Structure formats: structure tokens, C-alpha cells
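The block underneath contains the structure these notes are about, expressed in C-alpha cells.
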Amino acid sequence: MKKLLVGLLLLCMIFISACGNKEVTGASGEQKSESVTFTAVSFLPKNDPLAITLNEWIEEVETVTEGRVRIDWKGGANIIPVNLQFEALKSEIVDVLFTYTGQYHSQAPAVSALPLSQLSPSEERENGLYDEMVREHQSLGVQYIGRWLSGSPRIWLNEPIEELKELEGMQIRSAPNYRRFFNNIGISSVMIAPTEVYTSLQTGVVKGFVYGGLVGPRRNGWTDASKYVLDHPFWNQNCTILMNDNKWNEISPEDQQAIIHATAAYEKKMVEHYLEEDEVEKEELLKAGIEFIPLSAEDGKKFTNQAYEVEWRYLEEKVPDKVEKLRELTTRGS
0 MKKLLVGLLL LCMIFISACG NKEVTGASGE QKSESVTFTA VSFLPKNDPL AITLNEWIEE
60 VETVTEGRVR IDWKGGANII PVNLQFEALK SEIVDVLFTY TGQYHSQAPA VSALPLSQLS
120 PSEERENGLY DEMVREHQSL GVQYIGRWLS GSPRIWLNEP IEELKELEGM QIRSAPNYRR
180 FFNNIGISSV MIAPTEVYTS LQTGVVKGFV YGGLVGPRRN GWTDASKYVL DHPFWNQNCT
240 ILMNDNKWNE ISPEDQQAII HATAAYEKKM VEHYLEEDEV EKEELLKAGI EFIPLSAEDG
300 KKFTNQAYEV EWRYLEEKVP DKVEKLRELT TRGS
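In numbering that gives the first Met the number 0, the protein residues as written are 0 to 333.
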């Protein structure tokens with residue numbers, strides 16, 4: 000059924016897609032070179048504050064390849080529903096995808112180690128985690144190019160809590176990658192489209208939401224209802240830049256390396272950008288009356304430990320032969 004839906008999407012996108020579009024560029028008929036324009040989509044809208052640095056990545060790719068590789072970012076779920084985007088990438092309906100591992104981890108469970116990483120993207124490239132993720136993604140027919148978001152998820156609530164057990168049975172707007180952890184601590188995960196979150200919070204359909212960073216909820220209006228942030232960030236971001244393998248192989252080895260190096264430089268600036276943004280946003284949230292509420296030391300430790308151990312148990316079940324190496328590559332000081 001999913002493949003059928005993706006096929007129908009292909010028909011819908013023919014008139015807006017530039018998949019594999021090649022053209023000849025050059026001056027005065029002298030030494031000309033082939034350029035290619037790749038179509039991209041994202042799970043977030045193009046104007047979302049969390050996606051803003053992707054424009055810089057696109058500019059860098061076009062600059063370092065001297066225009067031989069161009070990225071035409073069409074948009075987000077308005078172009079292809081989020082749950083179909085990864086299949087669209089594999090089927091070459093789109094060429095580049097700005098996504099998160101929760102959308103495809105069931106097909107390659109080892110990628111679930113990415114949000115468990117205690118390292119910066121630069122450190123991941125140095126210690127071998129990046130190369131390990133490249134191999135895992137290649138098994139899916141896609142090229143892992145790098146990360147595009149930094150920060151840790153937090154739970155935002157309509158009403159304050161004092162104890163961890165108060166989360167039991169609470170309906171929280173979630174995403175697929177949070178389900179195992181939330182089930183473990185008793186939260187009921189509810190999947191709601193971003194456009195419906197505001198209304199769902201206002202009407203009490205959900206009692207809060209989980210969000211990967213501080214920037215966004217206030218601007219989206221979600222803090223009108225959810226004025227309490229559980230001050231226990233967990234995990235790392237799991238947002239990835241992916242390209243269809245066949246499309247990646249259309250690029251010359253020189254341009255491939257140029258893109259990888261440009262992405263490594265972009266990741267450093269991206270991390271700094273979101274650290275600064277979070278600091279500024281926290282001040283704005285406090286001014287707006289948003290409260291950051293802590294659990295007791297015991298509950299806080301239990302909350303954080305369970306966030307990680309639930310995922311490692313999942314990986315032990317799914318990829319027992321890889322867990323030891325993944326733990327080593329994601330743990331600071333290993």
C-alpha cells in the first residue's frame with residue numbers, strides 16, 4: 000500500500016519535480032561541464048525556525064561544487080506527507096531528504112544510536128560513528144551526508160507535575176522515535192500533524208508535547224496552552240541529511256568529497272547557531288511566563304536513565320552484534 004501511495008505521489012509531483020535534471024553549463028562554448036539539480040523535501044516546513052540553517056547547507060553545496068550540484072528544496076509535508084517521504088527518497092521521487100531517524104529506523108535499527116550519541120557531529124566524524132552511520136544507511140539505498148539540527152528534546156506540559164509518576168497515562172503529542180521511551184514511563188503517545196497541535200493543546204486532546212529544542216513552540220503558539228517545560232533534556236537530535244544512492248553516484252568523486260567536507264563545516268556552524276538560539280529563546284520564554292520545572296534528583300535520574308536504557312535494550316534485541324560497538328562510538332570518553 001505504501002508503495003502504491005508513493006507511486007501516486009510520483010504522478011502528482013511530475014510537474015514540480017526536477018529529479019535528476021541535467022543541464023550543460025559553461026561560458027562561450029568553452030570547456031563545459033554537466034550540472035544536476037536534485038529535488039529535496041523536509042519533514043518540517045521551509046519557514047520553520049528549526050530548518051533555517053538548511054538554506055546555508057544548500058548554498059554551501061552549490062558553492063563548493065561550483066554550481067555542478069544544485070538543490071531545489073520544494074517544501075515539507077505540503078509536498079509529500081512525512082510518513083511517505085523516506086519511501087519517496089528510496090523510489091527516486093525525490094533526491095534529497097531532510098528527515099529524522101524515527102521515520103526509517105525500523106528498516107535499519109542501528110540508526111537509532113544516533114540520538115543516543117553524547118558527541119558533537121565533529122567528534123562523530125573523528126571517532127568513526129559517522130562512517131558507521133554511512134554504512135547503515137547504504138544498506139537502505141541512501142547516502143547519509145550528515146546532521147542538520149542540534150539540541151535535546153524536552154517535554155512541555157499544560158499543567159505542572161512534581162513527580163515522574165504523574166506522567167503515567169498522560170496523552171502527549173509525540174513522534175515515532177519517542178514511543179518506546181514514553182511507553183516505558185507510562186506516557187500515551189499521540190501522533191498529530193503540526194498544523195493540528197495548537198488546537199489539540201487548547202481543547203485538551205493532548206496535555207502537552209515533546210519538542211527537539213527550545214526554539215519553535217512559542218512562535219507556533221503552542222505555549223499558549225503548554226506553559227511548563229520539564230527541565231530534563233534527553234538524547235541528542237536525530238535529524239539527518241540523506242540522498243538517494245543512485246543520485247549520489249551521479250556526482251563526481253571530487254564533488255562528493257567537496258559536499259562531505261562542506262557538510263562537516265556546516266555542522267560546526269549549525270551547532271553553534273542552535274546553542275545561541277536556545278539561550279536567546281530561553282530568556283524569551285521566561286519573560287513570557289513559561290516555567291522550567293525540575294523533578295526530584297531521584298526522579299530526574301530515573302527519567303534520564305530510562306530514556307537511554309530503553310533504546311539500548313531495543314538495540315540489543317534488534318542488532319545484538321552491533322550494540323557494543325555502537326555504545327563505544329556514542330559514549331564520550333570511550
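Ideal Cβ positions, reconstructed from N, Cα and C, are used throughout, including at glycine.
What you are looking at is a predicted structure, and each value in this text was computed from that prediction instead of being measured.
Beta carbon of residue i nearer than 9 Å to that of residue j
i, j, result
"Val93", "Gln84", "yes"
"Gly101", "Asn237", "yes"
"Trp221", "Leu115", "no"
"Gly75", "Asp47", "yes"
"Glu316", "Ala112", "no"
"Arg336", "Glu59", "With the chain covering 0 to 333 only, the question about residue 336 has no answer from this structure."
"Val228", "Phe291", "yes"
"Leu213", "Gly150", "yes"
"Leu49", "Ile240", "no"
"Tyr103", "Leu128", "no"
"Leu328", "Leu163", "no"
"Pro44", "Asn77", "yes"
"Arg124", "Ala263", "yes"
Rounded C-alpha distance that separates residue i from residue j
i, j, result
"Ser225", "His231", "16 Å"
"Ser410", "Phe37", "Because residue 410 is not part of the residues shown, which for the chain are 0 to 333, the question remains open."
"Ser188", "Arg178", "6 Å"
"Glu91", "Asn243", "7 Å"
"Arg153", "Tyr99", "16 Å"
"Trp72", "Val40", "6 Å"
"Lys267", "Trp56", "12 Å"
"Glu282", "Val35", "44 Å"
"Met269", "Lys324", "27 Å"
"Val196", "Pro216", "10 Å"
"Pro193", "Val318", "32 Å"
"Lys31", "Phe42", "Because Lys31 carries a pLDDT of 38, less than 50, the predicted location of this residue cannot be relied on, and no value is offered for it."
"Glu86", "Asn176", "17 Å"
"Met132", "Leu284", "35 Å"
"Glu161", "Glu278", "25 Å"
"Asp254", "Asn245", "15 Å"
For residue i, the nearest candidate out of the options (CA to CA)
i, options, result
"Arg134", "Lys321, Arg331, Glu316", "Lys321"
"Val63", "Ser111, Ile250, Tyr177", "Ile250"
"Thr198", "Asp223, Gly215, Asn54", "Asp223"
"Tyr313", "Asn82, Ala109, Leu88, Leu285", "Ala109"
"Leu274", "Tyr129, Asn126, Glu33, Thr52", "Thr52"
"Asn54", "Leu148, Gly332, Asn176", "Leu148"
"Asp298", "Glu165, Val81, Lys286", "Glu165"
"Thr202", "Asn176, Gln170, Glu162, Glu123", "Gln170"
"Arg331", "Pro175, Leu118, Asn248, Tyr265", "Leu118"
"Pro80", "Ile191, Lys246, Lys286, Ile289", "Ile191"
CB contact check: residue i to chain B, cutoff 9 Å
i, result
"Thr36", "Absence of chain B from the displayed structure is noted, only one protein chain being present."
Taking one C-beta from the region 197-214 and one from the region 151-160 each time, how about it: are there three or more such pairs within less than 8 Å?
-> yes
Answer yes if the region 166-185 comes into contact with the region 301-313, meaning at least three C-beta pairs across the two stretches below 8 Å, and no otherwise.
-> yes
Does the region 254-272 come close enough to the region 142-155 to have 3 or more Cβ pairs within less than 8 Å?
-> yes
Taking only runs that begin and end inside the region 98-122, name each unbroken alpha helix (DSSP H) of 4 or more residues, in chain order.
-> Complete alpha helix (DSSP H) runs here, min 4: none at all.
What are the uninterrupted segments assigned as alpha helix (DSSP H) that are 4 or more residues long and contained completely in the region 265-319, given in chain order?
-> The region 265-319 contains, as complete alpha helix (DSSP H) runs of 4+ residues, the segments 296-317 (chain order).
Within the region 123-176, note down every full beta strand (DSSP E) run reaching 3 residues or more, in order along the chain.
-> The DSSP assignment places complete beta strand (DSSP E) segments of no fewer than 3 residues inside the region 123-176 at 141-146, 153-156, 170-172, in order along the chain.
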